[in-house]
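Taken in order, these protein sequences are the chains called S and Y.
Positions in the first sequence are counted from 1; adding 3 to them yields the numbering used here.
Positions in the second sequence are counted from 1; adding 3 to them yields the numbering used here.
Everything on this sheet refers to the single structure shown next.
2 protein chains.
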Amino acid sequence: MSSERGDKTHRRGGRRPGATTTREAILEAARRQFAQRGYDRASLRVIAADAGVDQKLILHFFGTKQGLFIAAVGLPLDPGTIPTLLTGDPDTIGQRLARVVVELFERPDYSERLIGVVRAAASEPELARMLREFLTRTLVQPAAALLAEDEAELRVTLAHSQVIGLIWNRYILAIEPLASMSPEALASALAPTFQRYLRGPLR
Amino acid sequence: MSSERGDKTHRRGGRRPGATTTREAILEAARRQFAQRGYDRASLRVIAADAGVDQKLILHFFGTKQGLFIAAVGLPLDPGTIPTLLTGDPDTIGQRLARVVVELFERPDYSERLIGVVRAAASEPELARMLREFLTRTLVQPAAALLAEDEAELRVTLAHSQVIGLIWNRYILAIEPLASMSPEALASALAPTFQRYLRGPLR
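Here you go:
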């Protein structure tokens, strides 16, 4: 393993590209590594070696493996917002989640990237696997821990399924009248679904 | 327009292929026509002419334009089940829909075709448009008419968004624990969502 690193580092070690080029080189190496090994088994060390940079530079640019994945696949998700959502008043969790989701989707830059990822994952099983591992680690498991309910992981995946279905019907299929419903009306139609999935009875 | 029909009929009029070949020729012509003009504007007359058959033969094989579309794109939906679902006891509509959806998805032949259509629609905007028109005509509008509720079409598209999200998270993304949840538990988790979308308060 160390010889692999050594070889690749040496191979490109003599180059001193500018910051933009370096960042791009890391993203390209990351996409290759994530595609080959999935999210869980992808190695920052291998990515660094492949890009011809020090591993510390990856952390400098992207913070964490998760940050690198988000940048590499263009996933518009900031898991930092999850604690804020889940640790407030338990009785209004559905309302808050519905409002955040609907408002985010109304931002064209956000919804375009999200639709891009969903489209790509639908046709590329490898990306679907990465996305599954990534969502499990950075959304399902942390959110479930904060929820502190029975069957917490199931609750998160149920709520997430309604979010994905919304992306599909409102943006990709664009089926009416859902496609042109106002964000406010949509948030209030979705809120009780999220509320029950996250805090209500499931059986 | 009649000359177009005449030309194409004459062009292939001399051939007498067997039933399987004829059926395939109709399906190929249908896929071309649906892709070019969408579901609403596709013409059975043009499809018949392109396949070199009489329009009556299409109806003999596929019943209706809708039946032809289902066969052409491989959509595993029998709109005949909708009235049975929607016209029973209004208080158990969510339960019945959840059970039917979950049981259908457990049939591998059914879920594989459904996943195929969802995957394809994600990457082919033309298929997404066909699917939107088809679902609007054969699912949303008839189901809304049977529901006889305010905002009935919106209700149907909301319920449908949860169905699509389920296909996504359980089958395409295969995210746990949703992916391996028992059909019974899944149906009871989904039933209240369908019940409220179809019959409950939306605001």
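Think of the CB as a built atom: it goes at the ideal place given N, C-alpha and C, for glycine as much as any other residue.
| query | result |
| --- | --- |
| For PRO204/Y, the three-state DSSP class (helix, strand or coil) | coil |
| Segment contact, 8 Å Cβ cut-off, at least three pairs: the stretch 25 to 32 of chain Y with the stretch 121 to 134 of chain S | no |
| Within-7 Å CB hit, ALA38/S to chain Y | no |
| Classification of MET4/S by the beta-carbon crowding that lies within 10 angstroms, buried from 16 upward | Summary for MET4/S: the model assigns pLDDT 35, below 50, so the residue's position carries little reliability, and this model does not support an answer. |
| Per-residue burial, HIS163/S [other beta carbons within 10 Å of its own, 16 or more giving buried] | buried |
| MET184/S in three-state terms, based on DSSP | coil |
| From GLY119/S, ALA101/S, ARG48/S, ASP53/S, residue whose alpha carbon lies closest to that of ILE73/S | GLY119/S |
| Test item: CB-CB of VAL121/S and PRO186/S under 7 Å | no |
| Three-state class that DSSP yields for GLY55/Y in the structure shown | coil |
| Option nearest MET184/Y by Cα separation, candidates GLU154/S, LEU169/S, ARG199/S | GLU154/S |
| Residue-level contact to chain Y via CB, HIS13/S, 7 Å cutoff | Below a pLDDT of 50, predicted positions are generally treated as unreliable, and HIS13/S, at 40, falls in that range; the measurement from the model is reported next regardless. Chain Y contact via Cβ: absent. |
| Contacts of MET184/Y in chain S (Cβ-Cβ under 8 Å) | LEU157 |
| Under 7 Å between C-beta atoms of GLN58/Y and ARG48/Y | yes |
| Contact with chain Y by THR196/S, beta-carbon distance below 7 Å | yes |
| Cβ-based neighbour list, VAL159/S, same chain, cut-off 6 Å, excluding 5 preceding and 5 following | VAL143, ALA146, ALA147 |
| Proximity winner among ARG102/S, ALA52/S, THR87/S, relative to THR196/S (alpha-carbon distances) | ARG102/S |
| Contact list for SER191/S against chain Y, beta-carbon separation under 9 Å | LEU205, ARG206 |
| Span separating the alpha-carbon of LEU201/S from that of GLY91/S | 13 Å |
| Proximal residues, the stretch 133 to 144 of chain S versus chain Y, C-beta separation under 8 Å | LEU134, ARG135, LEU138, THR139, VAL143 |
| CB contact below 7 Å: PRO180/Y versus chain S | yes |
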